[in-house]
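Visitor: Convert by adding 14 to the 1-based position in the sequence shown; the result is the number in my numbering.
Note that beta-carbon positions come from the ideal geometry of N, C-alpha and C, so glycine has one too.
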Amino acid sequence: MKGQIKRARMFYDGAEKGVSELNLASRWAVWSSLLLYRQILDAIEANDYNNFTKRAYVAKAKKLISLPVALGRALKGPSKLATLSLSSIDVSLAARSLLHTPAAPPPALTLPIIPSLPKATLPPLPSVPTLPKATLPPLPSTPLPTLPTQPTLPKPTLPPLPSAQVPPQPTLPNTTLPPVK
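Here it is, written out as structure tokens:
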């Protein structure tokens with residue numbers, strides 16, 4: 015950031031040489047801009063180059079006081095055209111009176127009225143031709159043949175399973191454990 019400000023100041027210094035070559039009506043505005051932008055750079059440096067959380071602010075009074083300085087510099091130059099009717103004292107008094115006037119409220123924003131779009135009219139759809147109804151021949155009225163009945167199968171009888179004797183389980187003797195100390 016420091017390098018960018020140094021570079022900007024170098025350009026401003028170079029621009030000063032050409033301002034006196036401008037016509038008289040343009041010089042005052044250009045000098046005012048040069049002085050204002052220098053004040054903004056001073057404010058950034060005063061904020062320790064922190065323009066992310068701090069705003070580089072130049073007070074209205076400081077801006078207005080720089081107007082007579084800009085006018086004085088604008089009146090100097092190689093062209094000998096008629097000077098502006100305002101003297102630097104008049105500009106200074108005008109600047110002071112501007113400090114005491116309340117700020118004008120911002121103009122109310124009005125939204126433009128959007129004209130309504132014309133209704134889209136589509137041509138009528140062509141009529142769908144009517145198709146002839148399909149007629150099917152009648153089904154024959156002969157009764158369906160009956161299916162033969164399924165023969166019943168005899169139930170198979172299985173021989174009984176041999177009974178296997180399971181030996182009884184031996185019983186375990188009851189043992190008592192000594193108490194744990």
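Cutting at 6 Å between CB atoms, please list the residues of its own chain near L48, excluding the five before and the five after it.
Guide: By one-based count along the sequence shown, residue 48 stands at place 34. Taken in chain order, the residues that qualify are Y26.
Visitor: Short of 6 Å in beta carbon distance, which residues of its chain neighbour A199, apart from the five on each side in sequence? Order them along the chain.
Guide: This structure cannot settle anything about residue 199, because the visible part of the chain is limited to 15 through 195.
Visitor: On the CB-based measure, 16 or more other CB atoms within 10 Å of its CB, does T190 come out buried or exposed?
Guide: Here residue 190 refers to the residue found at position 176 when the sequence shown is read from its first residue. Classification for T190: exposed.
Visitor: Quick check: what's the CA-CA separation for A60 versus A73?
Guide: Numbered from 1 along the sequence shown, position 46 holds the residue referred to as residue 60. Numbered from 1 along the sequence shown, position 59 holds the residue referred to as residue 73. Cα-Cα distance, rounded: 14 Å.
Visitor: What separation, rounded to the nearest whole angstrom, lies between the Cα atoms of T135 and L150?
Guide: For the purposes of this step, residue 135 is identified with residue 121 of the sequence shown, where counting begins at 1. For the purposes of this step, residue 150 is identified with residue 136 of the sequence shown, where counting begins at 1. The straight-line gap from Cα to Cα measures roughly 44 Å.
Visitor: Is it buried or exposed for V33, if we count other Cβ within 10 angstroms and need 16 for buried?
Guide: Mapped onto the sequence shown, residue 33 falls at position 19. It is buried - the Cβ of V33 has at least 16 other Cβ atoms within 10 Å.
Visitor: Between the alpha carbons of R21 and I128, how many angstroms are there, rounded?
Guide: Taking the first residue of the sequence shown as position 1, residue 21 is located at position 7. Taking the first residue of the sequence shown as position 1, residue 128 is located at position 114. Cα to Cα, the separation comes out at about 48 Å.
Visitor: Any idea what DSSP makes of G32, helix, strand or coil?
Guide: Looking up residue 32 in the sequence shown gives position 18. Of the three classes helix, strand and coil, the one that applies to G32 here is helix, per DSSP.
Visitor: For the alpha helix (DSSP H) containing A57, list its first residue and its last residue.
Guide: Against the sequence shown, residue 57 aligns to sequence position 43. Start and end: L38 to A60.
Visitor: According to the neighbour-count rule (16 or more other Cβ atoms, all chains shown, within 10 Å of its Cβ), is R41 buried or exposed?
Guide: Along the sequence shown, read from residue 1 onward, the residue named residue 41 stands at position 27. Per the 10 Å Cβ criterion, buried.
Visitor: Please state whether the Cβ-Cβ distance between L36 and V44 is less than 8 Å.
Guide: Walking along the sequence shown from the start, residue 36 turns up at place 22. Walking along the sequence shown from the start, residue 44 turns up at place 30. Contact: yes.
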